[in-house]
Every structure is written in structure tokens, then in C-alpha cells.
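First comes the structure, then the notes that go with it.
In our numbering, the protein residues as written are 2 to 215.
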């Protein structure tokens with residue numbers, strides 16, 4: 002390095018030191034929300050939009066009769082049999098609505114093309130369905146069948162994932178279920194040659210039937 006270049010570098014260093022340390026960045030406001038407001042003030046509408054955006058099928062049901070008609074239409078379109086349903090409360094509800102279902106586990110591995118379960122919560126922000134192993138559906142009905150149907154109520158919708166996890170803590174305390182899963186759209190992967198494949202690690206279709214409160 003020539004003498005003139007060395008002097009120029011040292012001059013810039015001295016100039017920088019004379020200016021003092023750089024100002025500290027402003028302190029973040031930890032009270033402000035991390036996320037922007039939901040795209041709709043009604044969390045149920047926001048969930049329906051998010052759920053469909055990630056590939057889910059959303060069906061609003063005004064009554065048990067409407068639920069029965071929606072389920073029958075879905076089965077006819079998909080050409081599938083009666084869903085496996087293992088939760089006693091849901092079995093009673095479907096029996097009241099006149100909806101056929103399979104309560105046993107006979108030929109489950111061979112015939113499990115359709116299941117119907119409840120859920121713990123619905124997350125409006127992500128369009129996710131929070132399921133757990135705490136119900137009689139266990140782990141299998143939300144993971145193994147080719148198509149997964151979920152029956153939920155509007156009161157189960159929360160805004161954020163954190164709200165859903167807090168709900169689980171209040172509901173179960175220290176005895177959390179052995180499996181808690183956030184399902185966001187149908188199972189998918191693009192690991193092989195970036196080709197999108199549905200149903201790689203679970204159901205290739207997820208549909209939610211939102212039944213109005215009684």
C-alpha cells in the first residue's frame with residue numbers, strides 16, 4: 002500500500018472514531034401485535050377463506066338436516082362409502098341426522114377411504130385444524146384414511162395458533178394428549194423433482210363441515 006493510500010485509510014478511521022458510536026436502534030414495542038389484523042373481522046369468515054386458500058374444502062351447515070345433505074353430496078361426488086366414525090358423541094349426532102357411518106374397525110386398513118372426526122380448534126390465521134389423540138378417533142382417523150372430514154362448530158374458531166395452544170393448556174392442564182397436530186390443508190410434498198404430490202404423508206383431501214351452534 003502506498004503512503005498516500007495508507008494516509009487516506011487512516012484519515013477515514015480517525016473521522017469515524019471522532020463521530021462517536023453509532024446510535025442504538027429503537028427499542029421494539031413488545032405490546033404491539035406481531036401479525037396484522039385478520040383479513041375479515043369475523044374470525045369464522047377469516048378461517049373459511051384461509052382454509053380454502055390452503056386447499057381445504059369448506060361446507061357451512063345451518064342444521065343437522067343440512068349437514069346430512071352436505072355429507073351425502075360429498076360422498077356422491079367422491080364416490081366413497083360411509084365414513085369411519087369412532088367418537089360416541091359424534092355417532093349420536095349423526096344417528097339423529099340420519100347419516101350412515103361405520104362405528105367398527107373391521108377392514109379398516111383395506112376400506113379406510115373416508116373418516117369423520119371432531120377437532121380441538123380451528124385457527125383463522127392459518128386455516129389450520131388442531132386435532133389431538135384425546136378423542137376416541139385417536140391418531141389413526143385423522144392420518145390414515147385417504148380423505149379426512151372434520152365436523153366443528155363456529156365457537157371453536159380462534160384467531161391465532163397461540164390462542165389454540167392456550168386453549169389446549171386450559172382444557173388439559175399438565176395432562177396434554179400424546180399427539181397434538183396442526184393440519185393445514187391436505188398432505189402434500191414436492192421433495193421429488195419439485196413435483197407436487199397430494200396424500201404423501203396423510204389424507205390427500207380434507208373437508209370441514211361447520212355446523213351452526215344448537
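Ideal Cβ placement from N, Cα and C applies to all residues, glycine included.
Count the other C-beta atoms from every protein chain shown that fall within 10 angstroms of the C-beta of residue i, then say buried if there are 16 or more, exposed otherwise.
i: residue 202; result: exposed
i: residue 103; result: buried
i: residue 149; result: buried
i: residue 126; result: buried
i: residue 71; result: buried
i: residue 25; result: exposed
i: residue 107; result: exposed
i: residue 10; result: exposed
i: residue 179; result: exposed
Thinking C-alpha only, which one of the options is nearest residue i?
i: residue 46; options: 61, 15, 152, 119; result: 61
i: residue 34; options: 104, 15, 103, 160; result: 160
i: residue 53; options: 215, 210, 156; result: 210
i: residue 75; options: 184, 151, 97, 39; result: 151
i: residue 99; options: 69, 90, 105; result: 69
i: residue 55; options: 192, 194, 196, 188; result: 188
How many Å lie between residue i and residue j at the Cα?
i: residue 181; j: residue 130; result: 10 Å
i: residue 208; j: residue 42; result: 23 Å
i: residue 205; j: residue 83; result: 18 Å
i: residue 171; j: residue 177; result: 10 Å
i: residue 232; j: residue 145; result: Examination of residue 232 is not possible in this model, given that the chain is present from 2 through 215 alone.
i: residue 27; j: residue 37; result: 21 Å
Who are residue i's beta bridge partners in DSSP?
i: residue 25; result: Residue 25 pairs with nothing; no bridge assigned.
i: residue 207; result: 149
i: residue 141; result: Bridge partners of residue 141: none, in fact.
i: residue 58; result: 208
i: residue 183; result: 131
i: residue 172; result: Answer by DSSP bridge pairing: none, since residue 172 is not bridged.
i: residue 115; result: 148
i: residue 122; result: 131
Return the Cβ separation of residue i and residue j in integer angstroms, given the expectation that the two are a contact with Cβ distance under 8 Å.
i: residue 128; j: residue 51; result: 3 Å
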